[in-house]
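Participant: Sharing a structure, written as structure tokens. Questions coming.
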Amino acid sequence: MDMSGLLITTARGEEFPGKFEAEEILASIGVEARVEETGIKGLLVVEIEKPIEAVRQVSQLVQEKPELFLHTKRYIPLERVVKTDIEDIKNAVEVLLPKIGEKETFRITVEKRHTTLHSRDVIESIAKIVDRKVDLKNPDWIVLIEIFGGRTGVSVIRPNEIVSAVKS
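First residue of the sequence shown? That's 1205 in my numbering, and the numbers climb one at a time after it.
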């Protein structure tokens, strides 16, 4: 199941139009991909090779053409997608850890949907393997764990590498 991609959020009930909107937005940045429903309301997923680069380009599009984003709300990079299992999640984090420099700080963020795993258990198991200083308010990096049912997306990203298209 090891893949990379994007998790895309929509308003509940807008998954269907959101799917087409996301495909059009991705096509406009040169990424041809099929967006799929996850079976969880308000949540879509797409498998792509360079999720962080795609999010940067989508972020630019949000600035230039916000009117394109009627149904999709957030574009979240998933550097690795694994089975929802603490060991698999830990292994995925370990692969991505070298991105965090020795003097840099991090925070672990867990977003979970349709799972019996507890956030605290996930955070504790990951914190044990990250030998860096924690900064909950202003971290250099976020170790992002996105659990959606039987699949979990894992990323080590900068705080600005999640795109929100929600109008403020």
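The C-beta atom is built at its ideal place from N, Cα and C for all residues, glycine as well.
Quick check on this structure: which residue in E1257, F1273, I1280 and V1360 has the alpha carbon closest to the alpha carbon of E1308?
Facilitator: Here the closest residue by C-alpha is V1360.
Participant: Per the contact definition of three or more C-beta pairs closer than 8 Å, is the region 1258-1274 in contact with the region 1327-1336?
Facilitator: At 8 Å Cβ cutoff, the stretches do not touch.
Participant: Report the rounded CA-to-CA distance for P1255 versus L1265, giving the unit in angstroms.
Facilitator: Approximately 15 Å between the Cα atoms of the pair.
Participant: CB R1317 to CB F1273, shorter than 8 Å?
Facilitator: Not a contact, by the Cβ cut-off of 8 Å.
Participant: Does the region 1334-1349 come close enough to the region 1238-1258 that 3 or more CB-CB pairs lie under 8 Å?
Facilitator: Counting Cβ pairs under 8 Å, fewer than three are found: no touch.
Participant: So, is V1286 buried or exposed, given that buried needs 16 or more other C-beta atoms within 10 angstroms?
Facilitator: Buried, because 16 or more other Cβ atoms sit within 10 Å of the Cβ of V1286.
Participant: Drop a sphere of 10 angstroms on the beta-carbon of I1333, count the other beta-carbons inside from all chains shown, and report buried for 16 or more, exposed for fewer.
Facilitator: Exposed, because fewer than 16 other Cβ atoms sit within 10 Å of the Cβ of I1333.
Participant: What does R1278 pair with, by DSSP beta-bridge criteria?
Facilitator: T1213 and S1368, per the DSSP bridge assignment.
Participant: With a CB to CB cut of under 6 Å and the five nearest residues on each side skipped, what residues in its chain are close to S1372?
Facilitator: Confidence at S1372 is low in this model, with a pLDDT of 44, below 50, so its placement is unreliable and the value that follows should be read with caution. Counting only Cβ-Cβ distances below 6 Å, and skipping sequence neighbours, we find nothing.
Participant: Helix, strand or coil for I1290 per DSSP?
Facilitator: Helix, per DSSP.
Participant: Quick check: the Cα distance between N1295 and T1288, rounded to an integer number of angstroms?
Facilitator: If I take the Cα positions, the gap works out to 12 Å.
Participant: Please say whether S1263 and V1367 have beta carbons closer to each other than 8 Å?
Facilitator: Going by C-beta atoms, V1367 is nearer than 8 Å to S1263.
Participant: Return the CA-CA distance between W1345 and K1303, expressed in angstroms with no decimal places.
Facilitator: Approximately 9 Å, taken between the alpha carbons.
Participant: How is the alpha helix (DSSP H) around G1223 delimited, first residue to last?
Facilitator: Correcting the residue identity first, residue 1223 is Lys in this sequence and not Gly. Where K1223 is concerned, the enclosing alpha helix (DSSP H) stretches over E1219 to S1232.
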